[in-house]
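Here's the structure we're looking at; comments come further down.
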Amino acid sequence: MPHTHAANPWMKRIAVTLLLVLGIVAGAMISRHRPPPADGSTAAKLQAPRTLQPFRLTRNGVSQLDNDNLRGKWSLLFFGYTHCPDVCPATLAELARAYELLAQEPGVLDGTQFIFVSVDPARDTPDTLAAYASYFNPAFLGVSGDPEQLAALARQLDIRFRRGAGSGEAYNVDHSSAILLIDPQVRYHARIEAPHHAQDIRRQYLEIRR
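Just add 35 to wherever you are in the sequence shown, counting from 1, and you've got the numbering used here.
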């Protein structure tokens, strides 16, 4: 995970959140020998994978993400924003750990990509998103689009988001916290609901893509 000393507004939030994540991980290690619940899966595989209708996310006229970018690979998508105080950095930290675990599976990462989609294009510029996503893992992509484009894609993926209370740049965005799996045929294949843990993401992803 690369670290810089640039005065990014999200760095302190990430640091605090990662400390909380470490506490969660420690608790998980203590309880790792407990038998899992009868149905502990948080992954929901769609009965019939849903083909995504053509979409394109653009910023300043430059394409950020479209159907062709998803074709031929499994894609794990997570919707959030860089000013998110807790859920987003915690989830991306778990995805980064899941990436490291999947790296131990021969050939899996060659056909997998991780994409962070910002639902706050007003504050999340392309440069900000690139730095934020790569902070967790250099392979992670950070993208966004115009509000209408984001809303159209979110509807296809059963994602909800809306701007919360606040004025100026001091506001939060309420959003769904699921991780979405898009298959190489650009079909919405499954979703993994929170709470997210790296070991579970790894296991569920490998089971779903078989």
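For every residue, glycine included, the Cβ atom is placed at its ideal position computed from N, Cα and C.
Integer Cβ distance of residue i from residue j, believed to fall under 8 Å
{"i": "residue 228", "j": "residue 79", "result": "7 Å"}
{"i": "residue 84", "j": "residue 223", "result": "6 Å"}
{"i": "residue 109", "j": "residue 245", "result": "Contact doesn't hold; Cβ gap of about 11 Å is too wide."}
Counterpart residues of residue i in DSSP-defined beta bridges
{"i": "residue 209", "result": "197"}
{"i": "residue 222", "result": "86"}
{"i": "residue 113", "result": "151, 214"}
{"i": "residue 177", "result": "151"}
{"i": "residue 97", "result": "94"}
Separation of residue j from residue i, as counted between CA atoms
{"i": "residue 62", "j": "residue 186", "result": "Because residue 62 sits at a pLDDT of 40, beneath the cut-off of 50, its placement in the model cannot be relied upon, and the point is left open."}
{"i": "residue 193", "j": "residue 141", "result": "32 Å"}
{"i": "residue 171", "j": "residue 213", "result": "18 Å"}
{"i": "residue 123", "j": "residue 219", "result": "25 Å"}
{"i": "residue 206", "j": "residue 115", "result": "14 Å"}
{"i": "residue 234", "j": "residue 100", "result": "28 Å"}
{"i": "residue 138", "j": "residue 201", "result": "41 Å"}
{"i": "residue 60", "j": "residue 111", "result": "Because the pLDDT of residue 60 is 43, which lies under 50, any placement of that residue in the model is unreliable, and the number read from its coordinates should be weighed accordingly. Roughly 22 Å between the two C-alpha positions."}
{"i": "residue 237", "j": "residue 119", "result": "24 Å"}
{"i": "residue 184", "j": "residue 157", "result": "13 Å"}
{"i": "residue 232", "j": "residue 98", "result": "32 Å"}
{"i": "residue 143", "j": "residue 189", "result": "27 Å"}
{"i": "residue 149", "j": "residue 160", "result": "19 Å"}
{"i": "residue 128", "j": "residue 81", "result": "26 Å"}
Beta-carbon proximity list for residue i, same chain, < 8 Å, skipping 5 on both sides
{"i": "residue 221", "result": "86, 87, 102, 105, 106"}
{"i": "residue 191", "result": "85, 87, 88, 90, 223"}
{"i": "residue 164", "result": "117, 151, 153, 177, 178, 179"}
Spatial neighbours of residue i in its chain, beta-carbon cut-off 6 Å, leaving aside the 5 residues before and after
{"i": "residue 195", "result": "211"}
{"i": "residue 226", "result": "79, 213, 215"}
{"i": "residue 209", "result": "197, 199"}
Same chain only: Cβ atoms within 7 Å of residue i, ignoring 5 sequence neighbours per side
{"i": "residue 175", "result": "149, 151, 168, 169"}
Cβ contact check for the region 180 to 188 and the region 147 to 161: 3 or more pairs under 8 Å: Flag = yes, the region 180 to 188 and the region 147 to 161 touch.
The region 83 to 100 in contact with the region 132 to 145 per 3-pair CB rule at 8 Å: Because the criterion of three Cβ pairs below 8 Å is not met, the region 83 to 100 and the region 132 to 145 do not touch.
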